[in-house]
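Colleague: Everything in the sequence shown is counted per full-length UniProt numbering, starting at 1 for the first residue and increasing by one.
Submitted below is the structure of interest, expressed as structure tokens.
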Amino acid sequence: MKAVLQRVVNASVAVDGETISSINKGLLILVGIDRYDEPSDATQIIKKILTAKLWEDEDGGGWKKNVKDIDGEVLCVSQFTLLATFKGSKPDFHESMSTVPGKALYSSFLEEIKQAYHPLKIKDGRFGANMQVSLTNDGPVTILLSSKDKNSRTPTPSQTPTSSGLRKVKNKGQGYPNGVARHNKNGEGSKKVFEAGNQTVGQDALEKLDTQLEERVKELQLEEKAERSSA
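Quick look at the structure:
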């Protein structure tokens with residue numbers, strides 16, 4: 001999950017020329033959901049949002065207070081384009097989560113941040129709509145956040161979409177800090193296993209998982225293509 005955090009004097013969201021949400025002093029958050037995101041990714045992003053010290057204290061010391069300390073408001077706007085990649089000059093959005101699961105996870109994100117702060121302090125745009133976002137950036141201060149940066153949790157094999165990632169594991173144990181490829185206990189060098197936590201996966205199982213992942217990626221791409229064609 002990615003987010004763009006902006007310290008604002010005020011911000012608002014309009015749909016079809018009508019303002020549907022607005023805030024005064026606080027944060028405008030653009031939220032992009034990765035196709036492999038889980039509720040734990042939302043939890044990490046929320047913690048970073050609410051604890052980020054972006055305001056000065058009463059003595060004028062900078063970077064001392066977070067949005068809760070100043071009793072500020074938070075305006076959240078779903079933004080799948082944060083996951084864009086480029087093929088030439090055309091943006092590609094296949095890394096973003098498809099509409100139905102994406103909306104469910106975003107709704108969960110909103111409920112969790114309301115519980116972590118205060119329901120009346122959290123405002124929202126409209127998921128999937130063509131929105132016009134206005135803001136007065138204070139500073140300006142703009143921070144990029146990710147739930148998958150070097151300080152966050154280690155990816156698991158189930159989050160790896162490509163067969164190349166699995167082959168690295170099978171051959172050398174690369175790409176997974178907690179994973180190693182080794183000979184089995186009987187010393188049979190031709191049979192290698194991958195250890196992930198307490199789970200040991202044989203080579204045949206890895207190849208099966210490899211195929212399943214490739215098929216699932218193709219299904220997701222077809223779903224997204226169909227959704228965008230009907231939009």
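For each residue, glycine too, the CB sits at the ideal point set by N, CA and C.
#1: If you draw a straight line from the C-alpha of W55 to the C-alpha of R216, how long is it?
#2: Roughly how far, in whole angstroms, is the beta-carbon of L28 from the beta-carbon of L75, given that I think they are within contact range, below 8 Å?
#3: Taking 8 Å as the cut-off, decide whether the C-beta atoms of L50 and A116 are in contact.
#4: Is the beta carbon of G139 closer than 8 Å to that of M131?
#5: In the region 67-121, which residue ranges form an unbroken alpha helix (DSSP H) of at least 4 residues, counting only runs that do not cross its ends?
#6: In whole angstroms, what is the alpha-carbon distance linking K121 and V15?
#7: Which whole-angstrom value describes the C-beta separation of R7 and V100, a residue pair presumed to lie in contact below a C-beta threshold of 8 Å?
#8: Starting from the C-beta of residue 242, find all residues in its chain whose C-beta is less than 8 Å away, skip the five residues before and the five after it, and write them out in chain order.
#9: Going by C-alpha to C-alpha distance, which of G88, S89 and F127 sits closest to A104?
#10: Straight-line CA distance for E112 to K87?
#11: Indicate the three-state DSSP secondary structure (helix, strand or coil) for D149 in the structure shown.
#12: Whole angstroms are fine: how far does the CA of E18 sit from the CA of D149?
#13: From this set, E38, G26, A42 and N10, which residue's C-alpha is nearest K53's C-alpha?
#14: In the DSSP assignment, find the unbroken beta strand (DSSP E) run with L28 in it and report its ends.
#15: Taking the alpha helix (DSSP H) that K47 falls in, what are its first and last residues?
#16: What does DSSP give as the partner residues of W63 in its beta bridges?
Modeller: According to the structure shown:
#1: 44 Å
#2: Rounded, the Cβ-Cβ distance is 5 Å, consistent with contact.
#3: yes
#4: no
#5: 99-116
#6: 21 Å
#7: The Cβ separation is near 33 Å, so there is no contact.
#8: What is shown of the chain runs 1 to 231, which leaves residue 242 out entirely.
#9: Among G88, S89 and F127, the Cα nearest to that of A104 is on F127.
#10: 35 Å
#11: coil
#12: Using only the alpha carbons, I get a separation of about 37 Å.
#13: G26
#14: G26 to G32
#15: P39 to T51
#16: W63 is not bridged to any residue.
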